[in-house]
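All remarks here apply to the structure that follows.
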Amino acid sequence: MPSFSSPPNQQNYYEEVWMIVRKIPRGKVATYGQIAKMIPPPNGVDIEAYKAFAPRWVGGAMANCPDDVPWQRVINSKGEISERQGAERQRLLLEDEGVKFDAKNKIDLKIFGWSGNDDAQPIQSKLF
DNA sequence: GGTGTGACTACAT
DNA sequence: GATGTAGCCACAC
């Protein structure tokens, strides 16, 4: 596997990515950039560099994710599945979860996009 | 130690 | 909206 990251720090970063991905509720999807923004850059990494490459690190995390991580819920910023081996299975898994694809095989992030707070469905009577 | 590359994104044209 | 380009990390060869 390519694995453009192996150091302990990066492995730890991977675990953070997986933790967030596991938090994505069924029927919702998140983008690489969205996940990247939820995770602070590792120590020693410039924020600018992180901002530019974090999405790829998330992609690397997905490439090495355990089987219990719903990697299929992680897509690119366009709301489409990044083509690769297994992309077909990814679409099937998402459809099985209730995620709908449009004519262009794209997902409407306005509907299925994950805000990052799965336990805050009621906008009322929550914190604040 | 230079070069290519990877499940990306944002901005410009 | 579809292309093209910049951004700039870590790894394999």
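Quick note: the first sequence uses numbering that gives the first Met the number 0, first residue 0, plus one each step.
Even glycine gets a Cβ: it sits at the ideal position worked out from N, Cα and C.
From a predicted model like this one, the values you see are computed outputs, not experimental measurements.
Item: Given I23 as reference, the closest of M61, V73, W56 once Cα atoms are compared; Value: V73
Item: Residue interval of the alpha helix (DSSP H) (run including R88); Value: 86-96
Item: Other residues of its chain near V98: CB distance less than 7 Å, five sequence neighbours each side excluded; Value: G26, V28, I106, F111
Item: Inter-residue Cα distance where the pair is W17 and K109; Value: 23 Å
Item: Backbone CA spacing between Q89 and G115 [nearest angstrom]; Value: 21 Å
Item: Residue range of the alpha helix (DSSP H) that includes Q33; Value: 31-37
Item: Candidates G58, P41, A102: closest to E82 by CA position; Value: G58
Item: Length of the line joining the Cα atoms of D66 and I46; Value: 30 Å
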